[in-house]
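Numbering (numbering that gives the first Met the number 0), first residue to last: 0 to 200.
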Amino acid sequence: MRKIRSICLVVLAMALTCASVYAQAKDSPAVKDRPAVKESSAAKAGSAAKAGSAVKDSSAAKENFAEIRRSIKNLALTDEELAGLEAISAKDGAEVLKAQAEIKILQASLERLMLEKKPPMDEINKLLRASLEWEYQIRVIRIERNIAIRALLGEDRWTRIYRLAKAWLQVRRSDDARRDAQGDAQDSKSARALKILDALQ
Numbered sequence: 000m001r002k003i004r005s006i007c008l009v010v011l012a013m014a015l016t017c018a019s020v021y022a023q024a025k026d027s028p029a030v031k032d033r034p035a036v037k038e039s040s041a042a043k044a045g046s047a048a049k050a051g052s053a054v055k056d057s058s059a060a061k062e063n064f065a066e067i068r069r070s071i072k073n074l075a076l077t078d079e080e081l082a083g084l085e086a087i088s089a090k091d092g093a094e095v096l097k098a099q100a101e102i103k104i105l106q107a108s109l110e111r112l113m114l115e116k117k118p119p120m121d122e123i124n125k126l127l128r129a130s131l132e133w134e135y136q137i138r139v140i141r142i143e144r145n146i147a148i149r150a151l152l153g154e155d156r157w158t159r160i161y162r163l164a165k166a167w168l169q170v171r172r173s174d175d176a177r178r179d180a181q182g183d184a185q186d187s188k189s190a191r192a193l194k195i196l197d198a199l200q
């Protein structure tokens, strides 16, 4: 029992000694300068990581845009089909934009009413009905477009072009993809197809 107690006292003494040495070393000038060095290294590492991430994102955007262009080429659209798609996507385009603008205005009005202590349900119902009416018009136009494009391209390419439109919606959010698209005038078919994909959103 005494032997165990002696061992414990020795271990405790060693621990206290180590703690004292560490405290003294921590207060020394040489060690005080180290955190600044570590923070500087961490900052550099963080900057390098951000730069690497930006490069990766840029590279991925370019690859995705290249894949979109390949998919457009694989559709093998003729000049007549492109012209037909342009006509279909342009038809009622102004009505769609107007409806979307009206919906945003109605939503803003609805949000303001909802902030009142006692939101007027009559006014809210009117706004909701008006918003649904504009949404209905947009849906009808899109359904008509779908039917017209399917008649023009056939079932297979109709499905592919709508999948492509969804993929392009994601890719075009990148600044690099937008710049590449703007500089795509060298390939007129590709540029025309991208405008059609924009209109199909």
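Just so it is clear, CB atoms sit at the ideal spot from N, CA and C, and this is done for glycine as well. Note that the structure is predicted; figures quoted are calculated from it, not measured.
Euclidean distance between Cα positions of residue i and residue j
| i | j | result |
| --- | --- | --- |
| SER116 | ALA98 | In the sequence as presented, Ser is not what sits at residue 116; that position holds Lys. Taking the straight line from one Cα to the other gives about 30 Å. |
| ALA75 | ILE160 | 11 Å |
| TYR135 | LEU126 | 14 Å |
| LEU114 | ILE195 | 40 Å |
| ASP78 | GLY153 | 16 Å |
| TRP69 | ASN124 | Checking the sequence shown, residue 69 turns out to be Arg, not Trp. ARG69 and ASN124: Cα-Cα distance of roughly 48 Å. |
| GLU85 | ASN73 | 18 Å |
| ALA147 | GLU80 | 12 Å |
| SER58 | ASP121 | 53 Å |
| LYS165 | ALA65 | 15 Å |
| ARG149 | GLN106 | 33 Å |
| ALA100 | GLY83 | 27 Å |
| ALA60 | LEU199 | 21 Å |
| ARG191 | ILE67 | 13 Å |
| SER189 | LEU163 | 13 Å |
| ARG128 | ARG138 | 15 Å |
| LEU151 | GLN169 | 26 Å |
Residue i - containing alpha helix (DSSP H), residue span
| i | result |
| --- | --- |
| GLN136 | 120-152 |
| GLU115 | No alpha helix (DSSP H) contains GLU115, which DSSP labels as neither H nor E. |
Per-residue burial, residue i [other beta carbons within 10 Å of its own, 16 or more giving buried]
| i | result |
| --- | --- |
| ASN63 | buried |
| SER130 | buried |
| ARG171 | buried |
| LEU96 | exposed |
| ALA93 | exposed |
| ILE104 | exposed |
| ILE142 | exposed |
| ALA89 | exposed |
DSSP three-state assignment for residue i, whether helix, strand or coil
| i | result |
| --- | --- |
| GLU201 | Since the first and last residues shown for the chain are 0 and 200, residue 201 lies out of range. |
| ALA75 | coil |
| LEU196 | helix |
| GLU80 | helix |
| LYS188 | helix |
| ASP201 | The requested residue 201 does not occur in the structure, where the chain is confined to residues 0 to 200. |
| ARG156 | helix |
| ARG172 | coil |
Pair within 8 Å by beta-carbon distance, residue i and residue j
| i | j | result |
| --- | --- | --- |
| ARG144 | ILE71 | no |
| TRP167 | LEU193 | yes |
| LEU112 | PRO119 | yes |
| ASP91 | ILE140 | yes |
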